[in-house]
Amino acid sequence: MKIPYIRKELKYTQDYITFMTDNYDGYFPNPPEKAKGTGIGDVELSFKYKINDTSALALAYKGGLLKAGNGPQQISDVSDGHEELSTGYKADFTSFALYKDISVKNHIISATAAYAHSSRGYEFTLDNNYATDPGDTFSFQVESTFNPHEKLALKPSFTYVQTGYDEKKEAAGNWDEIDGSESAATIYGIRATYEPAIFLNLWLDYSKTKNEKVARGNYEYPGRLFIDNFVSFGITLFYQ
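In the working numbering, the protein residues as written are 92 to 331.
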């Protein structure tokens, strides 16, 4: 079970603000430059079953009473001078993953294939609720670990992500596909982990995204895949 605490910030590009102002003149006289969200997120319930020494499968679910985050219909509007981001979702999410370790010349390569499905829900941007049906997501990842030093581990990885078309409920009640909402990306990453003591772990992550097709449409809410490279680092303390 995962109970996340979320703090996030989304800064809108000037092109996006201009688009909203030009197309919704009078409704968004002063669109905010960024949005923030803080609070408990949706709880995830999951289990993992070990098939054998090299294979496992997992199932995860977010829905029903587990949706503890602030949903799109529970946050304030832009009239107070800023926009809040929801920490939870109206939709339910179910995901399935299969894990497999493969030995290549006495070296282990770990592969993961995952599929995620979402029920119909809502998106919230600039004081608007939109009934949506997010497309399903498929991902595939391979990674391996190398130990150049007894206290240092390097884990390179390759990930491919594909999302289906999103659908939006129109005023007439029909559901239409959103042009440009289908996305695909390949992500190259590496994690360096240094363990100077048995209770201390220092790690550094770097990922570079190569986008084969990324949502760029000017529909009212942002796409789920975006262009960027990431660097993150942290310290983990262990206690027994």
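A virtual CB, placed ideally from N, CA and C, is assigned to each residue, including glycine. Predicted model, so just to flag it, every value in this text is computed and none were measured.
State the beta-bridge partners of residue i as determined by DSSP.
i, result
"residue 134", "Partner(s): none; residue 134 has no beta bridge."
"residue 210", "In the DSSP output, where bridge partners are listed per residue, residue 210 has none listed."
"residue 193", "200"
"residue 128", "99"
"residue 289", "Bridge partners of residue 289: none, in fact."
"residue 325", "294"
"residue 222", "213"
"residue 333", "This structure does not reach residue 333, given that the chain is present from 92 up to 331, and the question cannot be answered."
Is it the case that the Cβ atoms of residue i and residue j are separated by a distance below 8 Å?
i, j, result
"residue 138", "residue 147", "no"
"residue 260", "residue 288", "no"
Assign residue i to one of three DSSP states: helix, strand, or coil.
i, result
"residue 184", "strand"
"residue 154", "coil"
"residue 108", "helix"
"residue 113", "helix"
"residue 307", "With a pLDDT of 44 at residue 307, under the threshold of 50, the predicted position of this residue should be treated as unreliable, and no value is reported."
"residue 242", "coil"
"residue 147", "strand"
"residue 227", "coil"
"residue 161", "coil"
Pull up the distance between the alpha-carbon of residue i and that of residue j, whole angstroms please.
i, j, result
"residue 178", "residue 228", "20 Å"
"residue 247", "residue 278", "11 Å"
"residue 297", "residue 285", "15 Å"
"residue 255", "residue 271", "10 Å"
"residue 309", "residue 110", "Its pLDDT being 40, under 50, residue 309 is placed unreliably in this model, and the coordinates cannot settle the point."
"residue 263", "residue 213", "17 Å"
"residue 283", "residue 184", "31 Å"
"residue 104", "residue 242", "42 Å"
"residue 211", "residue 94", "23 Å"
"residue 124", "residue 160", "24 Å"
"residue 273", "residue 253", "8 Å"
"residue 299", "residue 158", "32 Å"
"residue 268", "residue 230", "21 Å"
"residue 126", "residue 327", "30 Å"
"residue 130", "residue 100", "12 Å"
"residue 196", "residue 180", "45 Å"
Among the candidates the options, whose CA atom is the shortest distance from the CA of residue i?
i, options, result
"residue 96", "113, 106 and 135", "135"
"residue 225", "244, 257 and 281", "257"
"residue 133", "101, 151, 103 and 249", "151"
"residue 325", "187, 292 and 241", "292"
"residue 280", "250, 302, 268 and 193", "250"
"residue 323", "295, 302, 329 and 141", "295"
"residue 140", "269, 191 and 330", "191"
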